[in-house]
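The structure appears below as structure tokens.
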Amino acid sequence: MKTTKISILILSLHFLCFMQINALGQGVGASAPDFTLSTVSGDEFTLSDHTGKVVFLFFFGYACSHCLANGNNTETGIYDAFKSNSDFVALGIDTWDGSKSGVENFINQTGITYPVAMNGSSVQSSYSTTYDRIIVIDQSGTIQFKATSNATSGVVSDAKQVIESLLTTTSTNHFGNKEQSLRIYPIPAKESIFIDNPDARIKYSNFEVLNLSGQIVLSGDLNYIEPGEAIELPLNGLDSGIYLLRLNSETNSYTKRFIITH
Amino acid sequence: MNKYKYIKLPVIIILFSANANSQGNFRGSNLLEYQLGNIPGLKPEHQSSLYDQLNLSYNYKSITLQTRIEQYYPSFDDNKSYTSISQYRAKFKTQELSVTIGNIYPSFGKGLLLRTYEIPGSIWEDRGYRIRYGFYKDLEGAEIRYQLGKFKIKGVYGKVLDVTLPPTLSKNERRPDLVQGAELKFQHKKLALGSIFMNHKIAGNSDNYVSAFVKSRITKNLSLYTEFALKAGSDAELKFDNDSSYGFYLSLNYVKKSLGVSLELKDYKNFSIGSGISDPPTLIKEHSYKLLNRSTHVPILTNERGYQLEVYYRLPNNNLITFNHSIAHNEISESQSHLFNEFFAEYQTQIGGQVFANFFLDYSSDPFTNEDNRYSGGFAFDIGHNKASSIIESQIQFVERKVIETDKFYNFYFSYQFNIRNKLTTSALLEISKDPFLLNENEEYAFYPGGTLSYRPNNKHHIILFYGKRRGGPACNSGVCYDVLDFQGLEIRILSHI
Chain A
91 MKTTKISILI
101 LSLHFLCFMQ
111 INALGQGVGA
121 SAPDFTLSTV
131 SGDEFTLSDH
141 TGKVVFLFFF
151 GYACSHCLAN
161 GNNTETGIYD
171 AFKSNSDFVA
181 LGIDTWDGSK
191 SGVENFINQT
201 GITYPVAMNG
211 SSVQSSYSTT
221 YDRIIVIDQS
231 GTIQFKATSN
241 ATSGVVSDAK
251 QVIESLLTTT
261 STNHFGNKEQ
271 SLRIYPIPAK
281 ESIFIDNPDA
291 RIKYSNFEVL
301 NLSGQIVLSG
311 DLNYIEPGEA
321 IELPLNGLDS
331 GIYLLRLNSE
341 TNSYTKRFII
351 TH
Chain B
148 MNKYKYIKLP
158 VIIILFSANA
168 NSQGNFRGSN
178 LLEYQLGNIP
188 GLKPEHQSSL
198 YDQLNLSYNY
208 KSITLQTRIE
218 QYYPSFDDNK
228 SYTSISQYRA
238 KFKTQELSVT
248 IGNIYPSFGK
258 GLLLRTYEIP
268 GSIWEDRGYR
278 IRYGFYKDLE
288 GAEIRYQLGK
298 FKIKGVYGKV
308 LDVTLPPTLS
318 KNERRPDLVQ
328 GAELKFQHKK
338 LALGSIFMNH
348 KIAGNSDNYV
358 SAFVKSRITK
368 NLSLYTEFAL
378 KAGSDAELKF
388 DNDSSYGFYL
398 SLNYVKKSLG
408 VSLELKDYKN
418 FSIGSGISDP
428 PTLIKEHSYK
438 LLNRSTHVPI
448 LTNERGYQLE
458 VYYRLPNNNL
468 ITFNHSIAHN
478 EISESQSHLF
488 NEFFAEYQTQ
498 IGGQVFANFF
508 LDYSSDPFTN
518 EDNRYSGGFA
528 FDIGHNKASS
538 IIESQIQFVE
548 RKVIETDKFY
558 NFYFSYQFNI
568 RNKLTTSALL
578 EISKDPFLLN
588 ENEEYAFYPG
598 GTLSYRPNNK
608 HHIILFYGKR
618 RGGPACNSGV
628 CYDVLDFQGL
638 EIRILSHI
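So the protein sequences, as listed, match chains A and B. Under the numbering used here, think of the first position of the first sequence as 91, with each following residue one higher. Under the numbering used here, think of the first position of the second sequence as 148, with each following residue one higher.
This is the structure in structure tokens:
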């Protein structure tokens, strides 16, 4: 009886206390928070100045060992591949707020040649990430890739694919007039989601479902979305979580976040 | 506004469960820490925060229930405050079977594939989030252990916590790694053979790992442990080439009379799993001396090979000589190849009946951090008085670090501690550093003066007060290395057992 009493008490408190947590987060599909930081070379980097470009961010701690080991992956795997593209920008961000000489030591050890910003601890929290992590932001300022693992060569390879696809897309995420009334439901979804547009006929070539890291976990062909005729997309048993639905046409793409709960 | 209203939750729990002792066994502990201060150099200079961690445990026959409640209330930002039941655990245990659900600390083998841990009493705080919470990396899920004769099997399923992300973020973000696996162990006399299978999922990727280990007492004096773990190829066949991911560890221990020798070997390649769920043996001596502990080498799981040799010899009259040597070779890329090495020697002796003394010398070279030469030395005297004791400790370290030019600087540590009847302890600390990484412009030295007062009114309570400036930086504890923030101000810590 007393064991039951304690168990009920603990369970009650569990639910009560969950209500006290502010679940903050900036996942794939969210707008990238703007920031301004000073770089080691003395320049200022403001994210919003680079709207229209694909922005690669590498969050590191200047004395973090695995960051020191993985920093070179970002140089050879990402920056070397895209630095000649004028629509691409890379920035390293020291989230341990190290001194200038500490950050210079990091640059020296990793061989990073792209700009590196100092005192980025507050940017790390606004992106709800940690050190040794990669984030990719698309031309419209939307987060398209957010790594949950250290920046190993495998993660760098995943980020590279996302950057390549963004740089080859002529226009992304700009809501056209036709998409203004596009509906995705139910939210949260379980087994499938429905796409419906009551106002206009839209032609898409395919759809992609991306996870929080920007990896495509589901894809398929699409055709017209007719007014008043909802299209059902089975979610094929995807785990609970936040996802991104991307609808691609030949010239455009439309992206919307949704949640799956089981 | 009553910022600390949620402190009443632990009190309510204690009151409600006070009569639980009549059946079963009820235990609890509480850690409360109040800070008035900030990271040196940050404004405002004095800001207050309160962190509390309550652990409750109830045991009745084969069943154990445990929970942990954490809360944090800073004066400077309501968005950083939280109250949460951060852990819960239910365990059923018989002689052969053990089933645990909730927040658990499972590991496979020596941690090459999976190691979860807790550093008791440690509070984690990151410069970006400025949110304080308990320092533990647990798995939320289930573990089953079953023993049948000479066979032991362990099954684990759950999501591992990324300790660098605070409790204010969602569970999906904090627990990105899903692990499911099993360990089978066969024990015959002094020989144990084991195998592990683990599936790891993160961000839509799924990988399989296998491992085998041997543990043996070869002779009366010699024991061996070795483990080899490998990521299985996508075609479900084992691969072993330049792109493969594997970890190898071997340990030999020899003890005879006054002599002890241990030799460990490691070879880790592409073995950083997910957000960091693997934590293989470091094979770098974890020093208790402050300056050496801070100068440690953290294994680079992308590519690291090396060994550690430790020899000790006990002489008469409580004299002990210890020698340690370790090597770690990292081939990160074609242009990044580093060789860490360290030599450490320590002499412990008893002088007269009341004085215990330690002396050490250490040399290390860590090109991975550009610190080509580090020379360290120090001593500690533990002096017994009548119903009291005092400890004097001093260390100094000279470092040569080449960033653009070669910087030569030193770190200095001194502490004096006076203890009365194990109840009241007072200590004074001073650290001085000329490390350019720590100095502001036009600053020649970084000073870290501080004092602590510690009082144990009884065996259930312990109050510790710190005032001053504390140097942070890398710290290692139980094989886990992490970064600690600097702090300047007042800190009060109260530990209680219920």
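Just so it is clear, CB atoms sit at the ideal spot from N, CA and C, and this is done for glycine as well.
Reducing DSSP to helix, strand and coil, say where residue 573 (chain B) ends up. For the purposes of this step, residue 573 (chain B) is identified with residue 426 of the second sequence, where counting begins at 1. Three-state result, residue 573 (chain B): strand.
Taking only beta-carbon atoms, is residue 219 (chain B) less than 8 Å away from chain A? To locate residue 219 (chain B), count along the second sequence from 1; it is residue 72. No, residue 219 (chain B) does not count as interfacial toward chain A.
Name the two residues that bound the continuous beta strand (DSSP E) containing residue 334 (chain B). For the purposes of this step, residue 334 (chain B) is taken as residue 187 along the second sequence, with counting starting at 1. Here the beta strand (DSSP E) through residue 334 (chain B) covers 324-335.
Verify whether the separation of the beta carbon atoms of residue 425 (chain B) and residue 262 (chain B) is less than 8 Å. Taking the first residue of the second sequence as position 1, residue 425 (chain B) is located at position 278. Taking the first residue of the second sequence as position 1, residue 262 (chain B) is located at position 115. Yes; because the gap between Cβ atoms is below 8 Å, this pair is in contact.
For residue 178 (chain A), collect the residues of the same chain with a Cβ closer than 6 Å to its Cβ; drop the 5 residues on either side in sequence, then sort them by chain order. The count along the first sequence starts at 1 and reaches residue 178 (chain A) at position 88. Excluding five sequence positions before and after residue 178 (chain A), the CB atoms of its chain that fall closer than 6 Å to its own CB belong to 144 and 172, given in chain order.
Closer than 8 Å, Cβ to any Cβ of chain B: which residues of the region 187-199 of chain A, in chain order? 187, 188, 189, 191, 192, 194, 195, 198 and 199
Looking at the unbroken alpha helix (DSSP H) that takes in residue 128 (chain A), where does it start and where does it end? The sequence position of residue 128 (chain A) within the first sequence is 38, counting from 1. Here residue 128 (chain A) belongs to no alpha helix (DSSP H); instead the beta strand (DSSP E) covers 126-128.
Is the region 478-489 of chain B touching the region 457-467 of chain B, taking contact as three or more C-beta pairs under 8 Å? no
Minimum length 3: unbroken beta strand (DSSP E) runs contained in the region 462-500 of chain B: Every beta strand (DSSP E) of 3 residues or more that sits fully in the region 462-500 of chain B is shown, in chain order, as 466-480 and 483-498.
So, do the region 197-204 of chain A and the region 214-230 of chain A have three or more beta carbon pairs nearer to each other than 8 Å? no
What would DSSP say about residue 630 (chain B), mapped onto helix, strand or coil? For the purposes of this step, residue 630 (chain B) is taken as the residue at position 483 of the second sequence. The answer is strand: DSSP assigns residue 630 (chain B) an E or B state.
Cβ closer than 9 Å: which chain B residues qualify as neighbours of residue 214 (chain A)? Counting from 1 along the first sequence, the entry for residue 214 (chain A) is found at position 124. Within 9 Å Cβ-Cβ: 273, 274, 275 and 276.
Name the residues in the region 494-516 of chain B whose C-beta lies less than 8 Å from a C-beta of chain A; which are they? 515 and 516
Classify residue 316 (chain A) as buried or exposed, calling it buried when 16 or more other Cβ atoms lie within 10 Å of its own Cβ. Here residue 316 (chain A) is taken as the residue at index 226 of the first sequence, counted from 1. Burial call: exposed.
Exposed unless 16 or more other CB atoms sit within 10 angstroms - verdict on residue 314 (chain B): By one-based count along the second sequence, residue 314 (chain B) stands at place 167. Under this definition residue 314 (chain B) is a buried residue.
Contact with chain A by residue 183 (chain B), beta-carbon distance below 8 Å: In the second sequence, counting from the first residue as 1, residue 183 (chain B) sits at position 36. Chain A contact via Cβ: absent.
Which of the three DSSP states, helix, strand or coil, is assigned to residue 99 (chain A)? The count along the first sequence starts at 1 and reaches residue 99 (chain A) at position 9. No answer about residue 99 (chain A) holds up, because its pLDDT of 46 lies below 50 and its placement is not dependable.
Do you know whose CA, among B:406, B:405, B:432 and B:395, lies nearest residue 415 (chain B)'s CA? Against the second sequence, residue 415 (chain B) aligns to sequence position 268. Nearest option by C-alpha distance: B:395.
Which residues in the same chain have their Cβ closer than 6 Å to the Cβ of residue 195 (chain B), if we skip the five residues on either side of it in sequence? Numbered from its first residue, the second sequence carries residue 195 (chain B) at position 48. Answer for residue 195 (chain B): 183 and 222, listed in chain order.
Does DSSP put residue 136 (chain A) in a helix, a strand or coil? Counting from one through the first sequence, the residue named residue 136 (chain A) turns up at place 46. Looking at residue 136 (chain A) - three-state DSSP - the assignment turns out to be strand.
Between residue 568 (chain B) and residue 595 (chain B), is the Cβ-Cβ spacing less than 8 Å? Start at 1 with the first residue of the second sequence, and residue 568 (chain B) comes out as number 421. Start at 1 with the first residue of the second sequence, and residue 595 (chain B) comes out as number 448. Not in contact: residue 568 (chain B) and residue 595 (chain B) (Cβ atoms no closer than 8 Å).
Verify the CB distance criterion: does residue 206 (chain A) have a CB-CB separation below 8 Å to chain B? For the purposes of this step, residue 206 (chain A) is taken as the residue at position 116 of the first sequence. Residue 206 (chain A) does not count as touching chain B.
Verify whether the separation of the beta carbon atoms of residue 472 (chain B) and residue 489 (chain B) is less than 8 Å. Reading the second sequence from its first residue, position 325 is the one you call residue 472 (chain B). Reading the second sequence from its first residue, position 342 is the one you call residue 489 (chain B). Yes, Cβ-Cβ distance for residue 472 (chain B) and residue 489 (chain B) is below 8 Å.
Alpha carbons only, please: which of A:167, A:126 and A:338 is nearest the one belonging to residue 210 (chain A)? By one-based count along the first sequence, residue 210 (chain A) stands at place 120. Comparing Cα-Cα distances from residue 210 (chain A) to each of A:167, A:126 and A:338, the minimum goes to A:126.
Residues near residue 634 (chain B) in its chain [Cβ-Cβ closer than 8 Å; skip 5 each side]: Here the question's residue 634 (chain B) lines up with position 487 in the second sequence. Within the same chain, residue 634 (chain B) has close Cβ partners 182, 184, 185, 186, 187, 616, 617 and 619.
In the DSSP assignment, the alpha helix (DSSP H) including residue 157 (chain A) goes from what residue to what residue? Sequence index remark: in the first sequence, residue 157 (chain A) carries index 67 (1-based). Segment 155-164, the alpha helix (DSSP H) holding residue 157 (chain A).
What's the C-alpha gap between residue 324 (chain A) and residue 298 (chain A)? Within the first sequence, numbered from 1, the residue matching residue 324 (chain A) stands at position 234. Within the first sequence, numbered from 1, the residue matching residue 298 (chain A) stands at position 208. Taking the straight line joining both Cα atoms gives about 12 Å.
What residue from B:592, B:573, B:496 and B:478 has the CA that sits closest to residue 602 (chain B)'s CA? The residue you call residue 602 (chain B) lines up with position 455 of the second sequence. Of the candidates B:592, B:573, B:496 and B:478, B:573 places its Cα closest to the Cα of residue 602 (chain B).
At a CB-CB cut-off below 8 Å, which residues of chain A make contact with residue 426 (chain B)? To locate residue 426 (chain B), count along the second sequence from 1; it is residue 279. Near residue 426 (chain B) there are no residues of chain A at all, since even the closest Cβ is about 12 Å away, more than 8 Å.
So residue 323 (chain B) contacts chain A; which residues on that side make the cut at Cβ distance below 7 Å? On the second sequence, residue 323 (chain B) is found 176 positions in, with the first residue counted as 1. Going along chain A in sequence order, the residues near residue 323 (chain B) (Cβ under 7 Å) are 238.
Taking the C-alpha atoms as reference points, what is the distance between residue 323 (chain B) and residue 229 (chain B)? Here residue 323 (chain B) refers to the residue found at position 176 of the second sequence. Here residue 229 (chain B) refers to the residue found at position 82 of the second sequence. Looking at the two C-alpha atoms, the distance is approximately 21 Å.
Out of A:170, A:272 and A:151, state which residue places its alpha-carbon closest to the alpha-carbon of residue 203 (chain A). Residue numbering aside, residue 203 (chain A) sits at position 113 when the first sequence is read from its first letter. Ranking A:170, A:272 and A:151 by Cα distance to residue 203 (chain A) puts A:170 first.
Compare the Cα-Cα distances from residue 410 (chain B) to each of B:251, B:210, B:447 and B:372 and report the closest residue. On the second sequence, residue 410 (chain B) is found 263 positions in, with the first residue counted as 1. Ranked by Cα distance from residue 410 (chain B), the options B:251, B:210, B:447 and B:372 are led by B:372.
Which chain A residues are close to residue 550 (chain B), counting only those with a beta carbon under 8 Å from its beta carbon? On the second sequence, residue 550 (chain B) is found 403 positions in, with the first residue counted as 1. The contacting residues are 191, 194, 195 and 198.
Would you please verify whether the beta carbon of residue 267 (chain B) is less than 8 Å from any beta carbon of chain A? Residue 267 (chain B) sits at position 120 when you count from the first residue of the second sequence. Not an interface residue.
Are any of the Cβ atoms in chain A nearer than 8 Å to that of residue 445 (chain B)? Taking the second sequence and counting its residues from 1, one reaches residue 445 (chain B) at position 298. Closer than 8 Å to some Cβ of chain A, the Cβ of residue 445 (chain B) qualifies, so yes.
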